[in-house]
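Note sheet for the following structure.
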Amino acid sequence: MYKPNDITYPLISWYKSNKRDLPWRYAFNHKNAPYEILVSEFMLQQTTVATVLNYYDRFIERWPTNKDLSNATEDEVLEIWSGLGYYSRGINLLKTSKIIFHDYANKIPKNIDVLKTFPGVGEYMSSAIASIAYNLPSKAVDTNIQRVITRYYQLDFKNLARNRKMVQDIVLLLTSNDSPRDLIQGLMDLGSSLCTPKLPNCEKCPLKRGCHSYRNSKFEFTLKKIKKMIPQRYGRVYLIERSDGSYLLERRAEKGLLAKTYQFPTTDWCEVKPPSDSPKSYQKMNIVGKVNHRFSHFTLELTVIKVDYESRDIKNITVPQNGIWKKPNQLDQLGLSSLMRKASKYIKV
DNA sequence: AAGGCGGGGCC
DNA sequence: GGCCCAGCCTT
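Numbered according to my numbering, the first sequence spans residues 13 to 361.
Written as structure tokens, this is what we have:
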């Protein structure tokens with residue numbers, strides 16, 4: 013039915029001369045490569061390569077091997093992860109590293125079913141590690157590959173789950189024939205550079221000769237998502253300063269949004285706008301600015317309030333029990349979210 | 001099957 | 001503004 017070689021030869025030929033020069037690709041035969049692939053895959057979940065490049069080198073420099081990472085703490089990992097988002101990925105990467113060190117003799121497993129048992133490693137990542145780190149056949153299908161293959165064979169994509177299974181079958185067939193590592197990464201590079209969601213550059217595509225969509229001049233495949241209303245929420249964040257110039261921070265809850273990251277104390281974030289000026293207690297407080305931030309499922313506006321810890325105003329605020337005090341120049345050593353980094357900008361005011 | 005879970009870059 | 005990105009997990 014499918015003729016894999018129509019894809020394999022032109023794709024790999026194109027890949028060899030057009031592949032992106034990425035730090036986790038420098039030498040796949042290097043002994044430490046599987047660890048570096050593991051780190052890169054965790055970082056790359058729902059995150060662009062350009063963004064990951066700002067974090068990957070610092071991570072590897074801090075923990076060059078899986079053994080090094082397995083000895084790290086969650087706070088240390090969050091410090092490096094700060095700003096990257098989806099912080100549970102960092103927590104899960106650390107957990108996975110410890111499991112590999114203790115239960116798998118510090119070797120990244122090759123078996124896909126074993127890989128999938130690790131926290132934060134799912135259907136895609138387990139296959140991607142097998143193919144990219146160990147050059148094994150797999151059905152590694154990310155959104156890039158799903159789009160490329162769907163367009164190439166002009167597959168039905170009304171049902172995205174079913175479409176994904178079809179693409180997985182094809183990718184398994186492709187990688188079983190030849191060069192799993194180059195094939196997977198070639199398809200991804202093609203999807204990110206030429207076979208893009210909007211305005212694909214078909215004229216430069218090495219696969220245009222066999223591409224059904226190109227032949228039929230149809231490129232409409234995009235992951236259609238039902239657009240839903242994103243609620244707006246409001247709250248206040250308190251920059252509480254002690255007389256020695258340090259500020260109060262606390263750790264967020266173990267689960268949920270921004271879990272385990274550090275923050276300046278805040279109110280709850282509600283869809284009801286806080287009565288901006290009416291309460292007397294609030295009126296006395298020192299409003300130094302506003303922070304706007306967009307999460308995937310709501311937007312947030314925080315009013316930034318500066319408070320002297322020794323003043324009477326502190327009585328109007330719920331002060332966290334196990335907070336920590338940090339000087340402004342120590343904030344970089346803390347796992348702050350981008351939201352809280354925005355709030356911290358008002359410290360200098 | 002659907003929604004929570006970050007953040008930045010693009011148009 | 002909306003869309004997208006080397007997804008995973010819980011319910």
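Where a beta carbon is used, it is the ideal one built from N, C-alpha and C, also for glycine.
Check: To which residues does DSSP link Glu253 through a beta bridge?; Outcome: Tyr259 and Asp320
Check: Name the DSSP bridge partner or partners of Lys302?; Outcome: Thr315
Check: Is it the case that the segment 203-211 contacts the segment 262-281, given that we only count it when at least three CB pairs across the two stretches are under 8 Å?; Outcome: no
Check: Considering only the alpha carbon of each residue, which of Met297, Pro218, Gly198 and His305 lies closest to Leu437?; Outcome: As shown, the chain starts at 13 and ends at 361. That puts residue 437 outside it, with no answer to give.
Check: Taking its Cβ as the centre, do 16 or more other Cβ atoms sit within 10 Å of Ile19, making it buried, or is it exposed?; Outcome: buried
Check: Ile336 bridges to which residues according to DSSP?; Outcome: Leu261
Check: Can you tell me whether Leu261 is buried or exposed, with buried defined as 16 or more other CB within 10 angstroms of its CB?; Outcome: buried
Check: If you drop the 5 nearest sequence neighbours on each side, which residues of the same chain put their C-beta closer than 6 Å to that of Cys214?; Outcome: Lys220 and Tyr226
Check: Please name the residue, chosen from Leu314, Ala265 and Arg37, that lies closest to Asn334 on a Cα-to-Cα basis.; Outcome: Ala265
Check: Got a sec? Which residues, its chain only, sit under 6 Å from Glu283 by beta carbon, not counting five neighbours each side?; Outcome: Pro243 and Arg245
Check: Among Val303, Leu127, Arg37 and Pro192, whose alpha-carbon lies nearest the alpha-carbon of Lys151?; Outcome: Pro192
Check: So is Ser94 buried or exposed if we call it buried at 16+ other beta carbons inside 10 Å?; Outcome: buried
Check: Reducing DSSP to helix, strand and coil, say where Tyr116 ends up.; Outcome: coil
Check: Label Lys267 either buried or exposed according to how many other C-beta atoms from any shown protein chain fall within 10 Å of its C-beta, with 16 as the threshold for buried.; Outcome: exposed
Check: Taking the straight line between their C-alpha atoms, what separation do you get for Val100 and Ala271?; Outcome: The amino acid occupying residue 100 in the given sequence is Ser; Val does not appear at that position. Those two C-alpha atoms are separated by around 7 Å.
Check: Pull up the distance between the alpha-carbon of Asp69 and that of Glu253, whole angstroms please.; Outcome: 34 Å
Check: Count the other CB atoms, across all protein chains shown, that sit within 10 Å of the CB of Gln180; report buried if there are 16 or more and exposed otherwise.; Outcome: buried
Check: CA-CA distance, Ser229 and Pro218?; Outcome: 16 Å
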